[in-house]
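The sequence shown maps to residues 0 to 325 in numbering that gives the first Met the number 0. I have placed the structure first, in the form of structure tokens, so that the comments after it can refer back to it.
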Amino acid sequence: MMPHKFNASRRHKFEKKRQKVTNWRVYNQGLRQRGDVTIWLSPEVADKWLADKRQTPGGQPTFSDMAISVCLTLGMVFKQPLRQTQGLVGSLARLMGLDVPIPDFSTLSRRGAGLSIPEKSKAQRAGPIELVVDSTGLKIFGEGEWLQNKHKKKAKRKSWRKLHLGLDLTTGDIVCSDLTKDDVGDPTALPELLDQIDAPVSRFLADGAYDGDPTSDLLVDRFGEAIEIVIPPPITAVLSLDAARDPTPRDKHIAEIRDKGRLAWQVSSGYNHRSRGEAQIGRWKRVIGPKLKARNFPNQKTEVRIGTNILNKMNGLGRDKYEAVA
0 MMPHKFNASR RHKFEKKRQK VTNWRVYNQG LRQRGDVTIW LSPEVADKWL ADKRQTPGGQ
60 PTFSDMAISV CLTLGMVFKQ PLRQTQGLVG SLARLMGLDV PIPDFSTLSR RGAGLSIPEK
120 SKAQRAGPIE LVVDSTGLKI FGEGEWLQNK HKKKAKRKSW RKLHLGLDLT TGDIVCSDLT
180 KDDVGDPTAL PELLDQIDAP VSRFLADGAY DGDPTSDLLV DRFGEAIEIV IPPPITAVLS
240 LDAARDPTPR DKHIAEIRDK GRLAWQVSSG YNHRSRGEAQ IGRWKRVIGP KLKARNFPNQ
300 KTEVRIGTNI LNKMNGLGRD KYEAVA
């Protein structure tokens with residue numbers, strides 16, 4: 000029988016972190032504020048509710064893109080379908096005494112496809128971005144479930160979409176996001192994610208799906224040779240032919256894993272920080288949800304952009320204060 004202490008050094012990956020609450024009054028007040036929801040439309044939103052007059056031939060839109068995005072944001076925060084979102088915004092306008100028209104559910108659905116989301120002011124960064132990229136699957140709401148419930152027949156195919164998120168370790172904000180179909184690989188979606196970043200990147204962390212020369216060449220071409228790429232090589236990875244003379248960052252990772260072990264490499268390289276990207280995906284599925292409400296692909300991409308703005312707004316307000324701000 001193997002002794003208990005034989006694998007003691009490998010039994011636990013990381014030490015258990017302990018946090019002791021000392022400011023109980025502030026802590027309890029923060030928990031109470033999580034249930035205090037305040038919704039208010041600023042005068043600037045009311046002034047820009049209607050669309051500007053069109054200078055070219057064609058139909059005149061009634062509502063601005065900001066009005067549509069505000070309605071869709073409120074519907075996503077309170078997890079309301081489009082018809083209930085229309086009633087929610089209408090009741091809010093009546094409570095505030097605003098004499099503005101309310102877009103109906105068909106207008107929200109039609110204008111949601113390809114909606115131009117107003118740009119948010121970016122937070123001031125003290126330095127370059129430390130980027131963590133990860134992806135997860137989101138189910139398309141109701142796809143195949145009617146066939147299964149009505150006819151007691153198992154659906155052959157269940158459609159889903161792939162959500163890609165890029166997290167800044169310094170600020171905790173989502174700096175890039177994209178939605179692709181399930182047949183698009185992670186390295187294939189990476190160029191469009193990097194196109195959304197307008198700041199230098201000093202460090203890139205991702206899982207083994209991004210391992211390969213195309214990813215490394217793309218990162219070096221976008222952000223220079225000084226970027227630190229932390230991607231775990233597979234178990235079967237071997238050193239390159241020029242490893243002895245001019246080792247690549249991947250060769251250094253392979254050599255360190257062989258010498259010290261994979262767990263020690265994770266600590267020394269900082270790969271453990273990639274767990275914050277996984278935590279952000281878990282936060283997305285708790286707050287936004289694991290499903291997509293929209294049925295067509297353009298509306299689904301708009302839904303992802305609105306969800307990104309919601310999580311970034313919550314991150315800016317702090318962990319102990321959640322408000323729906325439009």
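We put the beta carbon where it would ideally sit given N, CA and C, even for glycine.
Query, Result
"Put Val266 into one of helix, strand or coil per three-state DSSP.", "helix"
"Where Gln85 and Gln279 are concerned, what is the direct C-alpha to C-alpha distance, given to the nearest angstrom?", "30 Å"
"Quick test of your reading: Leu49 and Thr61, contact by CB under 8 Å. State the CB separation rounded to the nearest angstrom.", "7 Å"
"Once the 5 residues before and after Gln59 are set aside, which same chain residues still bring their CB inside 8 Å of it?", "Ala50, Lys52, Arg53"
"Measuring only the C-alpha atoms, how far is Asp197 from Lys151?", "51 Å"
"Go through its chain and collect everything with a Cβ distance to Ser267's Cβ below 8 Å, but skip five positions before and after it.", "Glu255, Lys259"
"Confirm, please, whether the CB-CB distance from His272 to Leu168 is below 9 Å.", "yes"
"If I follow the unbroken alpha helix (DSSP H) through Ile234, where does it start and stop?", "From DSSP, Ile234 is part of no alpha helix (DSSP H); its letter is neither H nor E."
"Give the secondary structure of Ile139 by DSSP, where H, G and I count as helix, E and B as strand, and everything else as coil.", "strand"
"Below 9 Å between beta carbons: does that hold for Arg261 and Ile228?", "no"
"Could you have a look at Ile256 and say whether DSSP puts it in helix, strand or coil?", "helix"
"Expressed to the nearest angstrom, what Euclidean distance is found between the alpha-carbon atoms of Gln239 and Ile253?", "The amino acid occupying residue 239 in the given sequence is Ser; Gln does not appear at that position. Cα to Cα, Ser239 sits roughly 10 Å from Ile253."
"Mind checking who Asp177 pairs with in its DSSP beta bridge?", "His163"
"For the beta strand (DSSP E) containing Phe203, name the first residue and the last one.", "200 to 204"
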